[in-house]
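Mapped onto this note's numbering, the consecutive letters of the sequence shown carry residue numbers 15 to 139.
Using N, Cα and C, we set each Cβ at its ideal position, and we do this for glycine too.
For clarity, every value in this text was computed on a predicted model and none was experimentally measured.
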Amino acid sequence: MNERTLHVRVGDSADAMLSRASDTMKALERGETPVPRFEVGFANVGQMFAVFTPRRWELLATLREAGAVSIAALARLLGRDYKNVHGDVMALIEWMLIEREQDGRVCAPYSEIVIDVRLPERRAA
Numbered sequence: 015m016n017e018r019t020l021h022v023r024v025g026d027s028a029d030a031m032l033s034r035a036s037d038t039m040k041a042l043e044r045g046e047t048p049v050p051r052f053e054v055g056f057a058n059v060g061q062m063f064a065v066f067t068p069r070r071w072e073l074l075a076t077l078r079e080a081g082a083v084s085i086a087a088l089a090r091l092l093g094r095d096y097k098n099v100h101g102d103v104m105a106l107i108e109w110m111l112i113e114r115e116q117d118g119r120v121c122a123p124y125s126e127i128v129i130d131v132r133l134p135e136r137r138a139a
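What follows is the structure, given as structure tokens:
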């Protein structure tokens with residue numbers, strides 16, 4: 015299994031995200047091969063916690079340990095109802111936290127998830 019790191023950024027400005035994308039494009043224009051960076055962003059911590067629920071963290075960990083499995087097999091490993099696991103898997107696929115293979119099995123492609131949370135700017139007194 016590949017060793018890939020997912021960077022989760024919370025509270026990042028659109029300008030910061032565009033700056034990172036611009037840096038990558040400039041490197042490509044110079045003929046450089048940038049290091050692949052897998053990243054998702056959330057506007058605030060509440061939005062991140064809506065995606066990364068405790069059950070979904072457990073699902074990700076179980077899937078990482080088991081390797082690629084069907085959703086039904088994953089539900090059995092978790093001891094959860096298929097319908098609920100399916101819903102969680104679809105949400106995590108939408109956020110690119112899980113990938114679906116050609117044969118329909120799902121996998122957790124990241125060996126590490128790094129979460130960076132930017133706190134709000136201090137208000138002027």
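Helix, strand or coil for residue i per DSSP?
i    : result
T38  : helix
T19  : strand
R44  : coil
R114 : strand
E108 : helix
V11  : As shown, the chain starts at 15 and ends at 139. That puts residue 11 outside it, with no answer to give.
V99  : helix
E53  : strand
So residue i and residue j are in contact, right, with Cβ under 8 Å, and what is the actual spacing, rounded?
i    : j    : result
R136 : S84  : R136 to S84, Cβ: 49 Å. No contact.
R69  : D102 : 6 Å
G81  : C121 : 7 Å
A105 : V65  : 7 Å
For residue i, list the residues DSSP reports as bridge partners.
i    : result
D130 : R23
G60  : Partner(s): none; G60 has no beta bridge.
Note down, in chain order, each residue of its chain lying with its Cβ closer than 6 Å to the Cβ of residue i, except the 5 sequence neighbours on either side.
i    : result
D130 : R23
M62  : V24, F56
H100 : I85
Give every residue of the same chain whose Cβ lies closer than 7 Å to the Cβ of residue i, excluding the five residues on either side of it in the sequence, and list them in chain order.
i    : result
R132 : V24, G25, D26
D37  : none
E115 : A82, C121
Apart from the five residues just before and just after residue i, which ones in its own chain have a Cβ nearer than 8 Å to its Cβ?
i    : result
P134 : G25
M31  : R23, G55
Count Cβ pairs between the segment 122-132 and the segment 16-24 that sit closer than 8 Å; are there 3 or more? yes
Under 8 Å: do the segment 32-44 and the segment 67-78 share three or more Cβ pairs, one atom per stretch? no
Counting Cβ pairs closer than 8 Å, one from the segment 46-62 and one from the segment 78-89, do we hit at least three? no
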